[in-house]
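Notes for the one structure printed next.
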Amino acid sequence: MNLEELHAHMERVGVGRRLLYTPEQVRLALEIGTNAIYELLHSGRLRALRNGHKWLIPASSIVEYINASLEGAA
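1 is the number of the first residue of the sequence shown in the UniProt record's numbering; add one for each residue after it.
Structural data, given as structure tokens:
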């Protein structure tokens, strides 16, 4: 997956095209639970920026996570 494919998917699920996403937006796009998204963030498997209690997830980090998951499944 690349950034263009990610942005197209995010638009299809109603999240829109952004550079940074909230955990809720990523959770909806990946179709995972709230606990799962925060586990990915706290473990570092999904890179993110943190400002106080607010998490922001770069689009490039989502692509990296998806590609790593696909490689692990192969």
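For each residue, glycine too, the CB sits at the ideal point set by N, CA and C.
DSSP-derived helix/strand/coil call for residue i
i: Arg50; result: strand
i: Ile32; result: coil
i: Leu6; result: helix
i: Val63; result: helix
i: Gly44; result: coil
i: Gly14; result: coil
Residue(s) in a DSSP beta bridge with residue i
i: Leu56; result: Leu49
i: Leu20; result: Pro58
Expected contact under 8 Å - CB spacing of residue i and residue j to nearest Å
i: Val15; j: Ile62; result: Rounded, the Cβ-Cβ distance is 11 Å, inconsistent with contact.
i: Ala29; j: Met1; result: No, Ala29 and Met1 are not in contact; Cβ-Cβ is about 12 Å, not under 8 Å.
Check your understanding: Any contact of the segment 2–22 with the segment 40–47, i.e. 3+ C-beta pairs under 8 Å?
Key -> With a cut-off of 8 Å, the segment 40–47 and the segment 2–22 do not count as touching, because too few Cβ pairs lie within range.
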